[in-house]
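Below: one structure, written as structure tokens.
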Amino acid sequence: MSEKRDTTIRVEGMTCASCVRHVGAALREVEGVEHAEVRRRDGVAIVRHAAQSSLDRMIEALREAGYEGAPIPPGQTWVYELDLRHAGTFMYHSHYDEMTQIALGMVGMFIVHPRRPRGPRVDRDYVLMSHEWRLEVGARRPDPNAMSDFNVLTFNGKSFPATEPLMAGTGERIRIRLGNLGPMDHHPIHIHGLNFVTTATDGGYVPESAQYPETTVLVPVGSTRVIEMVPTEPGDWAMHCHMTHHVMTQMGHGIPNMVGADTRRLDRRMARVAPDYMSMGQTGMGGMGEMEMPTPPNSLPMRGGRGPFSYIDMGGMFTVLKVRDDPERADPRGWFSHPAGGVAAPADAARMRADGVEA
Ligand SMILES: [Cu+2]
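In short: position in the sequence shown from 1, add 10, done, that's our numbering.
As structure tokens, then:
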């Protein structure tokens with residue numbers, strides 16, 4: 011192992027914008043590289059999760075750095091050297107003022123590719139890092155004091171519809187590396203229309219004999235899960251966290267439960283004092299994103315995006331796995347063309363009668 015290579019991650023400043031931009035920034039390296047340099051700038055402390063297998067060397071580096079006692083002062087650049095002895099999917103983050111620095115997004119993925127490929131060759135290799143934020147409506151900076159009540163949920167720093175869709179070819183083998191360095195919540199990541207196996211965690215590879223099929227994988231805080239699949243059905247398959255709140259964005263916590271309420275009398279009386287008043291939530295909240303009502307700047311209230319059939323009212327931690335027979339020529343932002351008869355439609359009366367259903 012005589013190869014030496016320097017790789018630099020720059021983490022500059024700690025303003026909201028630079029941190030949000032930094033989330034999901036993935037460092038990719040190759041196993042066996044003797045020297046990787048992680049250069050960090052401005053107010054960042056320590057890398058701990060990165061390259062667990064290089065722990066000895068890293069502990070040494072951290073001792074030199076004073077571990078938890080010596081955060082890098084603003085304006086300085088420190089160097090951490092790691093021997094990348096094992097391949098895998100790891101993460102890095104600051105270990106100083108964790109509530110603030112992690113809440114503001116000072117996290118990223120650290121991918122070490124094996125020198126010799128293991129297992130079946132994959133055709134595509136994606137990285138998705140989840141994160142959660144408390145961002146008051148109209149505020150520019152996430153609130154680091156939040157402990158459980160997060161209202162903006164992201165993949166690689168973006169909420170749907172801004173998330174990148176993942177393209178895949180029918181019959182290809184797809185790898186998705188999932189990482190979670192959000193402050194508090196575990197995310198059960200679910201994919202429609204196909205199943206997958208977990209082939210690795212940040213602790214190492216899962217032997218093939220221990221892999222089992224799943225449609226949802228839980229990604230706990232502080233861990234990575236690598237899933238692989240071979241999609242056989244072309245289509246637009248939703249991929250999202252299955253916690254319902256995590257596919258919705260800012261939604262006004264503390265609002266009363268209005269489902270089923272008869273507000274006609276209230277609306278009449280309110281109209282006398284506030285002509286623009288409108289009660290909301292009597293049938294749930296699903297249509298609110300589509301209404302696209304004016305909102306304060308820098309807010310993301312329950313927004314989804316346009317779908318092929320109607321408005322997709324999911325936002326947050328949601329993206330689409332686009333499986334195509336000819337992925338190289340397909341538009342990653344375009345929607346799947348369903349074959350005739352391949353989508354649901356209102357039931358016709360004759361069919362319902364034949365099934366014994368009263369129309
Ligand atoms: Cu979630």
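All C-beta atoms in this analysis are idealised placements derived from N, C-alpha and C, irrespective of residue type, glycine included. As the structure is a computational prediction, the values presented were derived from the model and not from experiment.
Check	Outcome
What do you get for Glu70, buried or exposed, if any count of 16 or more other CB atoms within 10 angstroms of its CB means buried?	Unreliable placement is indicated for Glu70, whose pLDDT of 46 sits below 50; the coordinate value is still reported in the next sentence. So Glu70 counts as exposed.
Can you round the beta-carbon distance between Tyr222 and Val207 to whole angstroms, since I take them to be within the 8 Å contact cut?	7 Å
Determine, using beta carbons only, whether Val227 and Leu163 come nearer to each other than 9 Å.	no
Using DSSP bridges, identify the partner residues of Pro198.	Leu228
Please report the distance separating the alpha-carbon of Met253 from that of His197.	7 Å
State the CB to CB distance for the pair Ser169 and Leu310, rounded to an integer number of angstroms; the pair is presumed to be in contact (CB under 8 Å).	6 Å
Does DSSP classify Thr293 as helix, strand or coil?	coil
Does the region 130–147 touch the region 172–189, meaning 3 or more C-beta pairs lie closer than 8 Å?	yes
Starting from the C-beta of His32, find all residues in its chain whose C-beta is less than 7 Å away, skip the five residues before and the five after it, and write them out in chain order.	Confidence is the limiting factor: at His32 the pLDDT is only 41, short of 50, which leaves the residue's position unreliable, though a coordinate-based value still follows. If we look at His32 and ignore the five residues flanking it on each side, its Cβ neighbours are Val21, Gly115, Met116 and Gly118.
Less than 8 Å between the CB atoms is what I'm expecting for Pro244 and Thr180, so what's the real figure, rounded?	5 Å
Could you check what DSSP says for Met177 in three-state terms: helix, strand or coil?	strand
Measuring straight from C-alpha to C-alpha, what distance separates Met324 and Arg279?	33 Å
Can you give me the C-alpha to C-alpha distance between Gly79 and Gln111, rounded to a whole angstrom?	Residue placement at Gly79 is poorly supported in this model, since its pLDDT is 46, which falls under 50; the coordinates still yield a value, given next. Their Cα atoms are separated by approximately 16 Å.
Taking only three categories from DSSP, how would you classify Met258?	coil
Kindly provide the chain-ordered list of residues whose Cβ lies closer than 5 Å to any non-hydrogen atom of ligand 1.	His197, Cys251, Met253 and His256
Can you give the Cα-Cα distance for Asp234 and Pro318, rounded to whole angstroms?	According to the sequence displayed, residue 234 carries Thr and not Asp. Whole-angstrom Cα-Cα distance: 32 Å.
Report yes if the C-beta distance between Glu142 and Asp153 is below 9 Å; otherwise report no.	no
Among all the DSSP beta bridges, which residues are the ones paired with His250?	His200 and Phe328
Tell me where the beta strand (DSSP E) around Met139 begins and ends.	Arg134 to Trp143
Relative to the alpha-carbon of Gly291, which residue among Val269, Gln86 and Pro304 has its alpha-carbon at the smallest distance?	Val269
Compare the C-alpha of Ile123 against each of Ala210, Asn267 and Phe165 and name the closest.	Reading off the sequence, residue 123 comes out as His, not Ile. Comparing Cα positions, the closest option is Ala210.
Rounded to a whole number of angstroms, what is the C-alpha to C-alpha distance between Thr329 and Val229?	16 Å
Determine the contact status of Arg144 and Ala172, defining contact as a CB-CB distance below 9 Å.	no
As a quick exercise: from Met327, Ser347 and Ala271, pick the residue whose alpha carbon is nearest that of Thr293.	Ala271
With distances taken from CA atoms, which of Ala248, Asn205 and Gly148 is nearest Thr242?	Asn205
In or out: Gly98 buried (at least 16 other Cβ within 10 Å) or exposed?	buried
Cα separation between Glu108 and Asp195?	15 Å
With DSSP as the reference, please indicate the residues paired to Asn190 in a beta bridge.	Ser140 and Ser233
When the Cα of Leu176 is compared with those of Pro285, Tyr321, Ala248 and Pro217, which residue comes out closest?	Ala248
Taking Ile82 as part of the alpha helix (DSSP H), name the residues at either end of that continuous run.	Counting along the chain, Ile82 falls outside any alpha helix (DSSP H), and DSSP gives it neither H nor E.
Give the straight-line distance between the Cα atoms of Ala284 and Ile265, rounded to the nearest whole angstrom.	19 Å
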